[in-house]
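Before any comments, here is the structure.
Number of protein chains: 2
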Amino acid sequence: MERDDLGALFGRVVRRLIAAERPLLEAHGLTMWEYSVLTHLAKQPTETQQALAAAIGYDKSRLIPLLDGLAGQGLLVREPDPANRRAHAVRLTPDGLARLEAARADIRAMEEELLSVLSAAEQRHLLAVLPRLAD
Amino acid sequence: MERDDLGALFGRVVRRLIAAERPLLEAHGLTMWEYSVLTHLAKQPTETQQALAAAIGYDKSRLIPLLDGLAGQGLLVREPDPANRRAHAVRLTPDGLARLEAARADIRAMEEELLSVLSAAEQRHLLAVLPRLAD
DNA sequence: GCTGATCATAGGCAGATGCTTACGATTGGA
DNA sequence: TCCAATCGTAAGCATCTGCCTATGATCAGC
Chain F
2 MERDDLGALF GRVVRRLIAA ERPLLEAHGL TMWEYSVLTH LAKQPTETQQ
52 ALAAAIGYDK SRLIPLLDGL AGQGLLVREP DPANRRAHAV RLTPDGLARL
102 EAARADIRAM EEELLSVLSA AEQRHLLAVL PRLAD
Chain U
2 MERDDLGALF GRVVRRLIAA ERPLLEAHGL TMWEYSVLTH LAKQPTETQQ
52 ALAAAIGYDK SRLIPLLDGL AGQGLLVREP DPANRRAHAV RLTPDGLARL
102 EAARADIRAM EEELLSVLSA AEQRHLLAVL PRLAD
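Okay, here's the thing in structure tokens:
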């Protein structure tokens, strides 16, 4: 057998990342899904909740209580969409952005350490290649 | 924001891999965990069930019915360990190895296709780097 | 104007998951 | 020799997950 399956290799990396991220996120009072929502909203400030659910790969019926929690903490707001009164545009608040950036700083530091087993060139190659596989 | 989180990137790749693998494994009558067990046994023929559970990251109390199913299909056997009558050495049968290799062939073909967006050099770099991150 | 589709929301359901406890058989060290 | 630890097994529990249905408000096309 020349090598492990890609699934096994990527799976083990993801496992490590999750194990390392969980305590960092917990320290900021966020779950993985909540962090995922905040991250996506920072990129795409406004859209329907359904689109948000699809974008992060979360169940739309389960997204509602998750957004309730984040809105209750003042990290995001649901605004009526003037063009479509059925839809609610979801937007990060300044508090939400601050919380996201504080958590992200810790996560980035963890990632740097995890990547430090690779040379700078290897890191560049990896980061160039991953988005193309993730498409 | 210079780039996505590693967790998001690796997570999306794993999501793609799982989505592509599931139907292939199903065609061979295997779940992801069963495939994982067979794969690991092909590398390490004998060991305790607990070590097997730890090696593939599966709950040891949930491994038993999974092994029952695979043994029931004749893909593996539990043999008494003469040196330690508490322990059961788990070993692939020829049928188990054949089933594994048939499934693996399909999965490898899928992986080739997925990797084909990368140049040969990029594929080499990626495959050299992944095991070091997966440690 | 009416009808079917869309959106947010609520609720339920089956299965998977991680974790814990218990128990009988067996082992190894005090 | 006896006691604690280990192994396989069984069972239970809270939670997460994907999926499916329903409902009220709103929209868009006929």
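Residue numbers (our numbering), protein chains in the order written: chain F, 2 to 136; chain U, 2 to 136. Where a beta carbon is used, it is the ideal one built from N, C-alpha and C, also for glycine.
Find the nearest neighbour of residue i within the set the options, judged by alpha-carbon distance.
{"i": "Arg-16 of chain F", "options": "U:Phe-11, U:Arg-17, U:Ala-20, U:Ala-88", "result": "U:Phe-11"}
{"i": "Ala-137 of chain U", "options": "U:Arg-133, U:Asn-85, U:Arg-100", "result": "With chain U covering 2 to 136 only, the question about residue 137 of chain U has no answer from this structure."}
{"i": "Tyr-59 of chain U", "options": "F:Arg-13, F:Tyr-59, F:Pro-66", "result": "F:Arg-13"}
{"i": "Leu-26 of chain U", "options": "U:Leu-116, U:Asp-136, U:Ala-106", "result": "U:Ala-106"}
{"i": "Leu-98 of chain U", "options": "U:Ala-56, U:Leu-71, U:Glu-112, U:Leu-131", "result": "U:Leu-71"}
{"i": "Ala-9 of chain F", "options": "U:Arg-92, U:Asn-85, U:Ala-56", "result": "U:Ala-56"}
{"i": "Leu-93 of chain F", "options": "F:Pro-24, F:Trp-34, F:Ala-43", "result": "F:Ala-43"}
{"i": "Asp-69 of chain U", "options": "U:Ala-84, U:Val-91, U:Ala-129", "result": "U:Val-91"}
{"i": "Trp-34 of chain U", "options": "U:Ala-20, U:Arg-109, U:Leu-67", "result": "U:Leu-67"}
{"i": "Ala-129 of chain F", "options": "U:Ala-135, U:Ser-120, U:Asp-136, U:Gln-45", "result": "U:Ser-120"}
{"i": "Ile-108 of chain U", "options": "U:Gly-73, U:Leu-18, U:Arg-87, U:Asp-96", "result": "U:Leu-18"}
{"i": "Asp-6 of chain F", "options": "U:Ala-122, U:Glu-123, U:Ala-110", "result": "U:Ala-110"}
{"i": "Leu-131 of chain U", "options": "F:Arg-87, F:Leu-116, F:Gln-45, F:Pro-81", "result": "F:Leu-116"}
{"i": "Asp-96 of chain F", "options": "F:His-89, F:Gly-73, F:Ala-84, F:Pro-81", "result": "F:Gly-73"}
{"i": "Leu-134 of chain U", "options": "F:Gln-124, F:Ala-135, F:Leu-134", "result": "F:Gln-124"}
Can you give me the start and stop residues for the alpha helix (DSSP H) that residue i sits inside?
{"i": "Glu-114 of chain U", "result": "95-116"}
{"i": "His-29 of chain U", "result": "First-last for His-29 of chain U: undefined, no H or E at that position."}
{"i": "Ser-120 of chain F", "result": "No alpha helix (DSSP H) holds Ser-120 of chain F; DSSP gives it neither H nor E."}
{"i": "Tyr-59 of chain U", "result": "Note, Tyr-59 of chain U: premise wrong, no alpha helix (DSSP H); not H, not E."}
{"i": "Glu-48 of chain F", "result": "Careful: Glu-48 of chain F lies outside any alpha helix (DSSP H) and carries neither H nor E."}
{"i": "Ala-43 of chain U", "result": "33-44"}
Taking the beta strand (DSSP E) that residue i falls in, what are its first and last residues?
{"i": "Pro-81 of chain U", "result": "77-81"}
Apply the 10 Å Cβ neighbour rule to residue i and answer buried if 16 or more other Cβ atoms are within range, or exposed otherwise.
{"i": "Ser-62 of chain U", "result": "exposed"}
{"i": "Ser-37 of chain F", "result": "buried"}
{"i": "Thr-40 of chain F", "result": "buried"}
{"i": "Val-118 of chain U", "result": "exposed"}
{"i": "Ala-104 of chain U", "result": "buried"}
{"i": "Glu-114 of chain F", "result": "exposed"}
{"i": "Ile-65 of chain F", "result": "exposed"}
{"i": "Glu-102 of chain U", "result": "exposed"}
{"i": "Glu-112 of chain F", "result": "buried"}
{"i": "Ala-54 of chain F", "result": "buried"}
{"i": "Glu-22 of chain F", "result": "buried"}
{"i": "Gly-30 of chain F", "result": "exposed"}
{"i": "Glu-3 of chain F", "result": "exposed"}
### Task
Count the C-beta pairs between the stretch 76-85 of chain U and the stretch 47-58 of chain F that are closer than 8 Å, then say yes if the count reaches three, no if not.
no
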